[in-house]
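Letter 145 of the sequence shown, counting from 1, is numbered 287 in this note's numbering, and no numbers are missing.
Backbone N, C-alpha and C define an ideal beta-carbon position, used for all residues, glycine too.
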Amino acid sequence: MSRIPTRLSFARHPLLAGVLTSCLLLAGCAGFRSGVESRAVVDGQEADERGRIQLADVALTLDLHNQIQQNDFQVILFVVPVMYDPVDKPRYNENDGIRLLLEIQPATADFRFRPERVVLTVDGRPLPPEKVSLIMVRDPEQFPLDGFQAIDQSPAGLDYRLRVPRRSWQFILKFAAPVPQPSSEIQLDLSRALERPGKPPLPLIHFRSRPWNQGYT
């Protein structure tokens with residue numbers, strides 16, 4: 143009588159292993175990531191998950207691009223756990239400097255933005271912007287009017303007149319310093335950089351460590 147194997151060796155049957163893996167992938171795979179990131183707070187009001195804060199006369203979107211992934215949990219067939227990764231991993235290039243996304247959407251006309259007056263402070267160290275890019279201009283519910291029109295400019299002398307209400311101007315400001323951890327003490331001062339007609343200077347913007355999560359398939 144022939145012997146019936148009690149254990150299947152995928153090493154001896156690479157074709158079978160490949161077929162099974164393909165079937166599992168086709169059947170469905172899902173995952174869940176989570177971690178921490180810096181999120182802006184202005185006058186006690188915290189930005190939403192997209193980094194947007196709505197003030198009385200202007201909406202600001204701010205993102206320091208400093209997400210840390212702390213967990214990654216994957217399942218196949220949407221129920222069978224196959225991997226859990228609890229290791230902290232930056233979701234950015236650690237060799238890059240700070241890249242702050244700043245989107246400004248004024249509610250009224252005659253706003254003015256001068257990037258060279260921006261000050262980002264990280265753990266007590268004030269940092270002026272080294273480069274500025276205007277990466278997009280768009281109206282609500284419309285395609286971008288302009289994109290990538292001014293990349294990596296020196297901030298010296300730049301003066302943007304934001305004259306159209308509800309139009310959004312999106313900038314990337316680069317700073318010559320390592321990307322800060324979400325646990326760092328981070329402040330952004332736009333009080334002299336963003337002028338609002340008939341309004342006092344913007345209060346100091348603080349960044350706080352907040353959780354994020356993301357499901358994927």
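Query	Result
What are the partner residues of A201, as DSSP defines its beta bridges?	Q196, Q247
Measuring alpha carbon to alpha carbon, tell me which of S275, Q209, A198, S333 ends up nearest R192.	Q209
Could you say which of H207, R254, D238 lies nearest to A335 if we only look at CA atoms?	R254
R241 bridges to which residues according to DSSP?	K316
Could you tell me whether the segment 171–184 touches the segment 344–351, where touching means 3 or more Cβ pairs closer than 8 Å?	yes
Strictly by DSSP, which residues pair up with Q323?	Partner(s): none; Q323 has no beta bridge.
Can you round the beta-carbon distance between R216 and D230 to whole angstroms, since I take them to be within the 8 Å contact cut?	Reading the sequence as shown, one finds Gln at residue 216 and not Arg. Not confirmed; about 17 Å, so no contact.
When the Cα of P314 is compared with those of E272, R241, P339, F285, which residue comes out closest?	Looking at the sequence provided, one finds Ile at residue 314 rather than Pro. Nearest option by C-alpha distance: R241.
So, for E188: in the same chain, excluding its five sequence neighbours on each side, which residues have a beta-carbon less than 7 Å away from its beta-carbon?	R181
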